[in-house]
Each structure stands twice: as structure tokens, then as C-alpha cells.
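For the record, the sequence lines run as chains A and B.
First residue of the first sequence: 0, per numbering that gives the first Met the number 0; consecutive thereafter.
First residue of the second sequence: 0, per numbering that gives the first Met the number 0; consecutive thereafter.
C-beta atoms are modelled at their ideal positions from N, C-alpha and C, and glycine is treated no differently.
Following: one structure in C-alpha cells, then a few remarks.
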Amino acid sequence: MPQIPIIMPQLGESIAEAKVVNFLVKPGDTVEADQDLIEVETNKATMAVTSPCHGRLEKLTVQLSESYAVGAVLGQIETTQEEAVRLGLDVPGPVKTSDTDRLGKPDANGGKNRVQPTVRGLPVPANAAGASYLSPRLKARMHELGLSAADLAGIPGSGAAGRVTIEDFEKFIAHLEKQRMSQASTMRVTVADAMRRSWTRPIAHVGLPVCLDPLFAYRKIARPKPGPALCALRALAVALAENSAPAGRLVGSKIVHPSSIDIAFAVEAEDGVFVPVIRDADKRLLKDLIAPYDELVDLARSRKLPPDATGGSIATVTNFGTFGLEWATPIPLPEQALVLGMGAARHKPHWDGVKGQFVPIMEANLTLSFDHRVLDGGAAGRLLQRVSDLMAHPEKL
Amino acid sequence: MSITYLEAIREAQAHALRDDPRVFIYGQDVGAFGGAFKATKNLAKEFPGRVLDSPISEDAMIGLAVGAAIEGLRPIIEMQFADFSTPGFNQIVNQAATLFWRTKVPCPITVRLPVGGTPGSGPFHSQCLESVYAHYPGLVVLTPATVEDAYSMLLEAVAIDDPVIFCEHKFLYYHLKAEKLPSEALPVGKARIAREGRDMTIVAHGAMVQDALAAAAELSPEGWEVEVVDLRSVKPLDTDTVMASVARTGRLLCVGESWPWGGVTAEVIARVTSEGYGLLDAPPQRLNARDTPVPYHPNLWTAHRPTTRSIAAAARNLLRI
């Protein structure tokens with residue numbers, strides 16, 4: 000049961016103290032709020048000190064005929080918690096000594112009760128909560144360290160509605176610094192940023208095995224010899240020239256159609272990927288693309304690509320088969336909707352309905368990773384099928 | 000031996016009168032009566048002719064003080080309540096504050112304002128006017144929150160050549176006690192870390208420092224360590240100490256007994272937000288009295304102003320963000 004002090008009030012302007020002349024109640028009495036309890040005399044008049052609340056007079060701490068200063072405690076009233084809260088009375092008592100020497104001691108057990116992640120019903124200021132809220136301090140620190148929101152994905156937030164607080168962040172950084180670190184190259188950081196931005200879109204994948212026997216047969220007689228990836232690139236160019244919508248860019252509610260069929264291809268370089276471009280790949284025959292393609296590959300591998308050799312392409316082809324992979328799901332460049340992938344060629348059994356048996360063919364997987372906002376599985380499948388059909392007649396590409 | 004906040008103010012005045020013959024005290028009933036709150040008790044007897052009763056005209060009191068300052072004296076003017084200083088407002092802000100800027104003649108007056116509320120003091124005996132005076136260039140505004148500061152900052156106020164508004168808190172007069180007077184002090188213009196903490200910073204001044212410390216004590220067993228900054232002087236305001244504290248904790252709650260509009264709390268938050276935005280891990284908060292005249296009834300008065308309880312609640316809200 001809380002005890003509410005009876006305080007000597009400010010009885011008048013310039014009154015500093017008053018003398019107790021009469022007790023109107025005794026300890027143990029039940030008193031009402033504002034009831035007169037003690038009569039005091041000042042140099043101006045005799046007045047009464049009233050009760051702060053309803054309750055039981057617990058004790059009087061003053062003597063008759065003694066003077067006490069304004070603000071002095073004259074007694075205590077015992078009341079209920081509800082009454083104290085209802086009256087807005089603040090419970091403990093008079094302030095003690097000056098606290099100049101008192102310093103907060105760190106928590107004995109070193110830990111602290113961390114905030115509850117769900118904060119229903121609390122007046123949290125709008126927008127200062129949730130996993131996507133970055134406080135100014137957090138943003139400043141991230142900027143200082145060269146981090147982006149993607150880097151925070153692995154940090155659990157202990158703030159309101161799961162927000163990552165600065166404490167969460169600093170703990171994460173301290174933890175990282177205990178581990179071995181090496182400097183990422185500029186290329187690595189650039190690719191990381193491009194992939195992060197690309198991934199903000201909904202990416203889907205479809206795949207189709209393609210028979211490469213016609214291409215290998217063509218290569219036996221062709222001079223110079225086109226590689227499978229270039230063949231796929233040319234086939235993609237022809238298919239997109241027939242219908243360019245799959246390579247469009249969706250901006251708001253508009254599809255921006257490409258103005259020329261420029262197709263890039265991936266060349267692996269140390270720690271990253273270059274994507275030189277074959278311009279107007281629909282307007283030149285496969286045999287005329289071989290020399291420019293080989294030149295671009297050399298320039299890319301020796302890191303000597305001129306600036307106009309990259310950029311401005313509408314789709315990319317990547318030959319992950321060179322790594323021995325049969326299947327992969329590449330991510331399109333952030334400004335493109337499509338990346339066509341080609342896997343390693345393998346001997347595979349193919350059912351020949353005419354002969355009534357399995358026959359060996361050279362087969363590779365063609366994959367298409369696409370921005371699902373721009374095209375659906377059907378259109379993706381039709382595009383892949385068209386590329387596959389075109390690759391069945393490499394002499395016509 | 001223990002000394003109250005009020006006795007420290009009396010001691011500082013005695014010290015000033017003793018050390019500098021140019022000092023005198025002027026106010027209503029400060030002479031034989033010893034002052035409304037007994038801040039000048041026995042000083043008239045000890046220093047004859049140096050502790051003088053004034054008419055009930057704050058306008059005249061400050062005007063006389065400015066004139067005395069021009070003549071080379073160093074007056075200490077006792078206002079009976081801060082609220083009553085407003086009849087002398089023109090003399091303070093237009094005459095005293097601007098004298099040096101207009102004439103190169105310094106105006107070394109000290110105006111002692113008993114500020115702040117006590118239960119039952121009502122709308123004209125409770126006001127805290129530090130932000131009103133701080134708004135004017137040319138004034139120094141001091142708000143001691145401890146017995147030691149009441150003593151040393153009053154001594155420094157008398158020594159400063161600019162007009163000083165010395166806001167002594169009435170509630171602290173009899174409530175705060177210390178074992179002895181200090182022999183050294185932080186200079187005017189430096190804030191004090193009253194309690195070291197880690198999780199948030201509460202900036203307060205005057206009597207609110209004591210409530211903030213009590214709120215911090217309430218939060219400590221809950222696992223929160225709250226840092227409390229005692230501004231000590233509202234003008235000049237020690238932005239550096241406040242900023243360094245927010246740099247440590249990332250969260251700021253400003254507490255003021257006065258009203259919200261243009262209060263000291265608003266000034267501190269404006270500075271921290273504009274100069275230290277990247278230090279804040281949560282929006283800065285302030286807690287002030289309700290935006291109404293100060294009520295008379297003690298229960299309304301308690302509901303009107305920040306209390307230990309309401310400071311702790313505001314702190315918890317901020318800690319949960």
C-alpha cells in the first residue's frame with residue numbers, strides 16, 4: 000500500500016515556514032481527500048494543511064508549537080494503489096543529497112533485458128520501426144563502412160518490430176572483425192551491386208534440351224568454325240528480331256521495345272565477368288560474326304575492352320557449359336529481362352520413334368532466366384523453342 | 000554539517016559582498032526581513048548599507064540595477080518570484096541585454112529568479128522563464144540543479160561582466176542538501192554528466208535533473224542504464240557535452256519543467272538533430288509541462304508537469320524503438 004506524504008504547502012506568497020498549532024486528526028483515522036488535518040500558523044494567519052488523498056493517517060512526524068519549512072513532510076497517509084494512480088500522485092519521497100559523486104554502475108551481470116520485438120499498442124513514432132527502417136545513425140555508419148541495405152540481410156533486429164538497432168549493427172561488425180577478412184576487388188563489388196539490383200525483380204527460369212548434332216555437323220565443314228554459344232547468340236538475335244517484346248523493358252505500365260538487337264555475351268575474367276556486345280546481331284550472318292566475336296573474347300580476357308564494346312545490349316548469352324555445368328540459373332543484368340544460358344554438350348540417349356530405339360545424340364541444356372514482370376513461362380518457352388529450332392539449321396543462321 | 004540549496008545561495012552572496020565592495024543586493028524585503036525565502040537572512044546586519052529594500056516595482060529594480068552597473072557597481076537583484084520579473088522584462092531585455100552592444104559599457108548585473116513550481120503555488124508563482132530570457136542575445140542564463148552549483152555558479156554570475164539571469168529553483172531550496180560547499184567547480188557554460196549511462200541520454204536542467212536521476216534509478220533494475228546530463232547553464236548551452244553523450248547512447252530525451260513551445264528542450268533537440276543527425280538511432284523526444292497555465296490544485300499540478308514516473312515512462316517508450 001503506497002504511503003503519500005503530507006507536505007507543508009506554499010501557504011502564501013513569501014511564506015517560508017509555519018508553526019504547527021493543532022492536530023485535527025490522529026494516527027489511525029480514516030481521512031478524505033482535501034480534509035483539514037493540521038492547523039498551522041504563519042505570521043499572517045492560521046490555516047489548515049489538507050489531505051492529499053483518501054486513506055488512513057499512518058503517522059504524523061511533526062510536533063506541536065514547532066515550525067517547519069514549506070515543503071517539509073508533516074506525516075504520511077496510507078492509501079490504495081488505485082487511489083494514488085487516480086490522483087496522479089507520484090509515490091516516493093523527498094529528494095536526498097546532491098548527486099555529484101554518484102555514477103551509474105554498469106549492470107552487474109553484464110547483460111540487459113533486450114526490447115521485445117513486437118510492440119503492439121505502444122506509441123512508436125510512425126515509420127521508426129520494422130526491418131526496413133534504418134535510423135540516421137545506422138545509415139551514417141553504413142555509409143562510413145560502404146555498406147548497403149543488402150548487407151544487413153543477415154542481421155537479426157532487436158528493435159521495434161524487428162528493426163536493426165545501432166547496437167545490433169555494432170555487435171555484427173565486431174563479430175565480423177574477429178574473422179579473417181580480405182579485400183574484395185572493385186569488379187567483385189560492382190558485380191555484387193548489379194546482381195543485388197537485378198534480384199529486386201521477380202526472376203524465373205525455364206529450360207530446354209537442344210540437340211547439337213546439326214551444329215557439330217556444320218562445324219566439320221564450316222570455315223571459320225562458329226562456337227555453340229555464338230550460334231545460340233545468333234539464333235536468339237533472329238528470334239528477338241521476329242518478336243522483340245520478350246527483351247523489352249517494363250517501366251511502370253509501359254513496355255519499352257529495343258531499338259536494335261544488340262546481344263551481349265559473358266566472358267569470364269579473374270574475379271568477375273565481362274559482357275561485350277555484338278551489335279545488330281540480327282543483321283549479320285553467323286559466319287560474319289565469328290571474327291568480331293573472337294576479337295571481343297581476346298580483348299575481354301586481356302582486359303582491354305574499349306568502352307563502346309560494352310553496354311546498351313538487350314539480352315545476354317552465357318556459356319556455363321565451359322565450366323562443365325549441365326544446368327544453371329543465371330541472373331539477368333539489372334537493365335535486361337533475359338539471359339540465355341547454354342550448358343555443356345553431353346552424349347545423351349534420344350528416343351527415335353522411327354527406329355523404335357534410343358539413339359545417341361549430343362545434347363546441351365538451353366536455359367532462359369527472365370524478368371517475370373515482362374514475360375511469362377509461355378512466352379519464355381516459345382522463345383526457347385524458337386532458338387532451339389533455329390539452332391537445328393545452323394547453315395541458315 | 001549539511002547545507003541546503005538556499006543556504007548555499009545565502010553563503011555565495013555573503014562571500015560576494017565580502018570580497019567585492021562593488022557588490023550590493025537589492026530586492027523586496029531583502030533587508031531586515033531577510034528576503035521572502037530568507038535568502039538574505041542576516042546579510043543586512045553583516046553588511047550594513049549593502050543589502051537594500053526596494054519598492055514593489057520590478058521595472059524600477061532592474062532600471063536601478065542597470066544604472067548602478069553603468070556607475071561601476073555590481074548589483075544582485077532578488078526577484079521574489081520569476082513570474083514577477085515580467086514587469087521588469089523591458090529593462091532586462093532591452094536595457095541590460097543590449098547595453099554593451101550599444102555603448103561598449105558592460106552591464107554586470109545578476110538577477111536572481113526563484114523559478115519552478117511547488118505544490119499549490121499556482122500560475123503566478125511557478126513559472127520557469129529560462130527559455131524566454133535565453134532567447135535574447137546578451138543575457139547569460141544559469142540553472143543550478145545542485146547545492147554546489149547554486150553556490151559556485153552564483154559566485155561566477157556576480158563575477159561575469161554580462162547580465163546574468165540566475166534561475167534558482169524554489170522546490171530545491173529546502174529539499175536539496177549537501178555536506179559542504181565546493182572549493183572548485185565546472186565553469187559556467189559547461190554541462191555536467193550527472194549520471195553515466197549507455198542506453199539513452201536524458202538532458203535536463205534545474206529541479207528536473209533530480210527527477211531525471213530518480214527515473215534513471217527506476218530504470219536501472221530493468222536493465223537500462225540511462226545517462227543524465229545536467230545542462231547547468233541554459234545559455235551558453237554546452238552543445239558539445241550533449242552531442243558527445245548522444246554519440247555514446249544514440250537516443251535522446253529532453254526534459255523541461257516549462258512549456259513545450261520554444262523551450263530549452265526544443266533548443267537542445269534542434270541542435271542535436273541539425274548538427275548530429277547521424278548520431279540518432281531513434282527520433283529525439285521531449286517531455287515538458289502541459290501547454291496550459293500552471294494549475295493551483297496540487298493534484299492538477301502533479302499531472303501538469305514531468306515527474307519521475309512520467310520521465311521513466313517516456314524513457315521506456317524511447318528505449319523500445
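Could you have a look at residue i and say whether DSSP puts it in helix, strand or coil?
i                 : result
GLN34 of chain A  : coil
ALA203 of chain B : strand
CYS127 of chain B : coil
PRO47 of chain B  : coil
CYS106 of chain B : coil
THR238 of chain B : helix
SER66 of chain A  : strand
SER84 of chain B  : helix
LEU232 of chain A : helix
PHE99 of chain B  : helix
GLN384 of chain A : helix
ASN42 of chain A  : coil
GLU224 of chain B : coil
ILE6 of chain A   : strand
ARG247 of chain B : helix
LYS232 of chain B : Looking at the sequence provided, one finds Ser at residue 232 of chain B rather than Lys. Correct three-state label for SER232 of chain B: strand.
LEU72 of chain B  : coil
GLU269 of chain A : coil
Please confirm whether residue i has its beta-carbon closer than 8 angstroms to some beta-carbon of chain B.
i                 : result
PRO4 of chain A   : no
ARG283 of chain A : no
VAL69 of chain A  : yes
SER134 of chain A : yes
ILE441 of chain A : Lying outside 0 to 396, the shown extent of chain A, residue 441 of chain A is not represented and no answer is given.
GLN80 of chain A  : no
PRO124 of chain A : Bear in mind that the predicted position of PRO124 of chain A carries a pLDDT of just 49, short of 50, making it unreliable; the figure below should be weighed with that in mind. So yes, PRO124 of chain A belongs to the interface.
ARG137 of chain A : Before going further, note that residue 137 of chain A is Leu rather than Arg in the sequence given. True, the Cβ-Cβ gap to chain B drops below 8 angstroms.
GLN62 of chain A  : no
GLY158 of chain A : yes
LEU86 of chain A  : yes
Does the separation of the CB atoms of residue i and residue j fall below 8 angstroms?
i                 : j                 : result
GLN75 of chain A  : ILE3 of chain A   : yes
ILE71 of chain B  : ARG17 of chain B  : The amino acid at residue 71 of chain B is misidentified as Ile; the sequence shows Gly. No. Outside cutoff.
ALA177 of chain B : ILE8 of chain B   : no
LYS18 of chain A  : GLU65 of chain A  : yes
ILE162 of chain B : CYS106 of chain B : Note on identity: in this sequence residue 162 of chain B is Pro, with Ile being the wrong assignment. For PRO162 of chain B and CYS106 of chain B, yes; Cβs fall inside 8 angstroms.
ILE320 of chain B : ALA159 of chain A : yes
ALA83 of chain A  : CYS52 of chain A  : yes
Report the rounded CA-to-CA distance for residue i versus residue j, giving the unit in angstroms.
i                 : j                 : result
VAL263 of chain B : VAL255 of chain A : 56 angstroms
VAL187 of chain B : GLY196 of chain B : 23 angstroms
HIS124 of chain B : PHE80 of chain B  : 6 angstroms
ILE75 of chain B  : ILE159 of chain B : 12 angstroms
LEU382 of chain A : GLY355 of chain A : 30 angstroms
ALA299 of chain A : THR315 of chain A : 15 angstroms
ARG101 of chain A : LEU212 of chain B : Because the pLDDT of ARG101 of chain A is 35, which lies under 50, any placement of that residue in the model is unreliable, and the number read from its coordinates should be weighed accordingly. About 10 angstroms.
ASP290 of chain B : ALA302 of chain B : 12 angstroms
ASP210 of chain B : GLN80 of chain A  : 21 angstroms
TRP198 of chain A : PHE369 of chain A : 11 angstroms
CYS210 of chain A : ILE262 of chain A : 23 angstroms
TYR67 of chain A  : LYS179 of chain B : 23 angstroms
ALA31 of chain B  : TRP300 of chain B : 33 angstroms
ALA32 of chain A  : MET141 of chain A : 57 angstroms
VAL140 of chain B : PRO297 of chain B : 28 angstroms
LEU232 of chain A : ASP281 of chain A : 10 angstroms
ALA148 of chain A : GLY161 of chain A : 15 angstroms
LYS395 of chain A : ALA191 of chain A : 39 angstroms
Kindly indicate if chain A contains any beta-carbon less than 8 angstroms away from that of residue i.
i                 : result
ASN41 of chain B  : no
PHE170 of chain B : yes
GLY249 of chain B : yes
HIS174 of chain B : yes
PHE165 of chain B : no
ARG319 of chain B : yes
THR264 of chain B : no
HIS124 of chain B : yes
PHE36 of chain B  : yes
ALA281 of chain B : yes
| field | Inside the stretch 275-330 of chain A only - alpha helix (DSSP H) runs reaching at least 4 residues | value | 285-300
| Inside the stretch 146-228 of chain A only - beta strand (DSSP E) runs reaching at least 3 residues | Here the runs fully enclosed are 202-210.
| query | In chain order, which continuous runs of the beta strand (DSSP E) of length 3 or greater are located wholly inside the stretch 1-36 of chain B? | reply | 22-26
| said: Please give me, in chain order, every unbroken run of the beta strand (DSSP E) with length at least 3 that falls completely inside the stretch 324-374 of chain A. | reply: 337-341, 345-351 and 356-370
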